[in-house]
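In the working numbering, the protein residues as written are 392 to 765. Notes follow once the structure below has been shown.
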Amino acid sequence: MSESPGAIEARLRTLIDRGVTIVDVRQTYVGPDVALERIAPGARLHPGTRLHGSRTSLAPGAEIGREGPTTLIDTVLGSRAKIASGFAERAVLLEDASAGANAHLRDGTLLEEQANTAHAVGLKHTILFPFVTLGSVINFCDCLMAGGTSRKDHSEVGSGLIHFNYTPWGKHGDKATPSRFGDVPHGVFLRQPRIFLGGSSGVVGPRHVGFGSVVAAGQVLRRDVGEGRVVASAGAELDRDRTDPAPSVGKVRRNVTYVAHLVALGAFYDAVRLVREAVDGSERAALLAARENIDTAITERKKRLDAALTEFERPPITWPSPSTDGCPLDVSDTASSHIDWVRQLGESECEAGAAWLSEVVSRFVDTALGPPGA
């Protein structure tokens, strides 16, 4: 059944009375499932905005639809986060993150502080660390990217890049194809050299590219890249009978390692971010939603790998329970913003924190698969 205009207008009036800016109430829709108290004073809704879902939350200064119609479903924006236009479902943008026009942000997407995209970018189960920048007309699903130290020194993906996240082998094919650019244990401390992926390119997942590396424009990357490298390659020629190989040992290990890095990121949120940052309000809602999206990504990656193994009658992974205790960091400073707090850490503190998270990763992988070569 359709709603009465009066019910719709009453919700909009409640938001206006709370201090939300609605540029044109005639072209704005807020569904009955939206908790109005989760739309904070100072949020700004442009014409063409549609909000749905009980999880949807907008912090002060969040701005929706400045460049065109925008639909949000169960999506959470931190302070001053922006979506210029497009569609977002179960996505999270933390403080000062932004998505450009015609964004398509699906389940599991997380943009941390000041991460941003230009126009026509598609993301799903993608995590961008602070400052990471994506150009235009990009498909970057099933990726984690870190690297860089500021808005002037950040990892970047050039326009026109596609992350190929589907393998056609077997009866149904698989999406056990996540790619990691940088890592979690060092990336969370915002001190690593930036990564650059050139435009008009592709990456065939699952891949790993190390900090400080440059992948030249105009190629399709089919191999891992270490730290501090510059790589370019011509397209490969292939013409042979089709055989459908089972997931290789390397592919399985890359997938399990990717999950381990997500586990480490979850540990960082549990022991650091959720302890020392906002204890209530819309910023707390954004952090909790971000943590939830990390778990969503973990569940997705496990499901995709197990399905790929089962397709070839191989046993699924016996996934271990994460062991994440032992955070060595002092989290008593609850006044500083996350970026400021990380920047004021000493080198010894960063090294200790990276060692803790690296142990979380290695312990998870070794428990699931045994050490390399096992």
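In this text, a Cβ means the ideal position worked out from N, Cα and C, and glycines have one as well. All values derive from a computational prediction rather than experimental measurement.
In three-state DSSP terms, what is residue i?
| i | result |
| --- | --- |
| residue 413 | strand |
| residue 493 | coil |
| residue 632 | coil |
| residue 599 | strand |
| residue 751 | helix |
| residue 507 | strand |
| residue 670 | coil |
| residue 407 | helix |
| residue 627 | coil |
| residue 652 | helix |
| residue 425 | coil |
| residue 758 | helix |
| residue 580 | coil |
| residue 399 | helix |
| residue 394 | coil |
| residue 708 | coil |
| residue 457 | coil |
| residue 620 | coil |
| residue 678 | helix |
| residue 605 | strand |
| residue 436 | strand |
Tell me the rounded alpha-carbon separation between residue i and residue j.
| i | j | result |
| --- | --- | --- |
| residue 573 | residue 436 | 35 Å |
| residue 584 | residue 600 | 12 Å |
| residue 528 | residue 554 | 12 Å |
| residue 737 | residue 484 | 28 Å |
| residue 397 | residue 523 | 43 Å |
| residue 507 | residue 632 | 43 Å |
| residue 697 | residue 710 | 10 Å |
| residue 591 | residue 750 | 37 Å |
| residue 695 | residue 589 | 28 Å |
| residue 556 | residue 532 | 7 Å |
| residue 445 | residue 666 | 25 Å |
| residue 699 | residue 692 | 11 Å |
| residue 723 | residue 539 | 26 Å |
| residue 456 | residue 415 | 12 Å |
| residue 519 | residue 401 | 37 Å |
| residue 735 | residue 466 | 31 Å |
| residue 733 | residue 537 | 14 Å |
| residue 593 | residue 526 | 14 Å |
| residue 409 | residue 754 | 49 Å |
| residue 741 | residue 582 | 9 Å |
| residue 608 | residue 635 | 30 Å |
| residue 504 | residue 488 | 5 Å |
| residue 726 | residue 513 | 35 Å |
| residue 541 | residue 399 | 42 Å |
| residue 763 | residue 689 | 22 Å |
With a CB to CB cut of under 8 Å and the five nearest residues on each side skipped, what residues in its chain are close to residue i?
| i | result |
| --- | --- |
| residue 701 | 707 |
| residue 627 | 613 |
| residue 564 | 557 and 558 |
| residue 394 | 423 |
Can you check DSSP and say which residues form a bridge with residue i?
| i | result |
| --- | --- |
| residue 701 | Its beta-bridge partners do not exist; DSSP assigns none. |
| residue 685 | DSSP lists no partner for residue 685. |
| residue 530 | 513 and 553 |
| residue 468 | 449 and 484 |
| residue 558 | 565 |
| residue 462 | 441 and 478 |
| residue 547 | 524 and 587 |
| residue 594 | 554 and 612 |
| residue 541 | 544 |
| residue 571 | 535 and 599 |
| residue 430 | 449 |
| residue 660 | Answer by DSSP bridge pairing: none, since residue 660 is not bridged. |
| residue 518 | 501 and 535 |
| residue 473 | 454 and 489 |
Who are the Cβ neighbours of residue i in its own chain at under 6 Å, not counting the five residues just before and after it?
| i | result |
| --- | --- |
| residue 647 | 756, 759 and 760 |
| residue 682 | 660 |
| residue 622 | 606 and 616 |
| residue 579 | 659 |
| residue 719 | 743 and 747 |
| residue 603 | 584, 618 and 619 |
| residue 464 | 443, 444 and 480 |
| residue 656 | 575 and 685 |
| residue 452 | 433, 470 and 471 |
| residue 730 | 504 |
From the beta carbon of residue i, is the nearest beta carbon of chain B less than 8 Å away?
| i | result |
| --- | --- |
| residue 442 | Structure shown: chain B not included; a single protein chain is present. |
Using C-beta distances below 7 Å, list every residue in its chain close to residue i, excluding the 5 sequence neighbours before and after it, in chain order.
| i | result |
| --- | --- |
| residue 637 | 703 and 705 |
| residue 545 | 522, 523, 524, 539 and 585 |
| residue 418 | 438 and 439 |
With hydrogens ignored, establish whether the beta-carbon of residue i is closer than 7 Å to any heavy atom of the ligand ADP.
| i | result |
| --- | --- |
| residue 678 | Although the ligand ADP was asked about, the structure shown includes no ligands whatsoever. |
Three or more C-beta pairs closer than 8 Å, one from the region 632–648 and one from the region 560–568: is that the case here? Note that the region 632–648 touches the region 560–568; at least 3 beta-carbon pairs, one per stretch, sit closer than 8 Å.
Below 8 Å, can you find three or more Cβ-Cβ pairs linking the region 657–664 to the region 471–486? At 8 Å Cβ cutoff, the stretches do not touch.
Taking one C-beta from the region 711–722 and one from the region 508–517 each time, how about it: are there three or more such pairs within less than 8 Å? Too few Cβ pairs lie closer than 8 Å, so no.
Hey, is the region 670–678 in contact with the region 438–457, meaning 3+ C-beta pairs nearer than 8 Å? Judged by pairs of C-beta atoms under 8 Å, the region 670–678 touches the region 438–457, as three or more such pairs exist.
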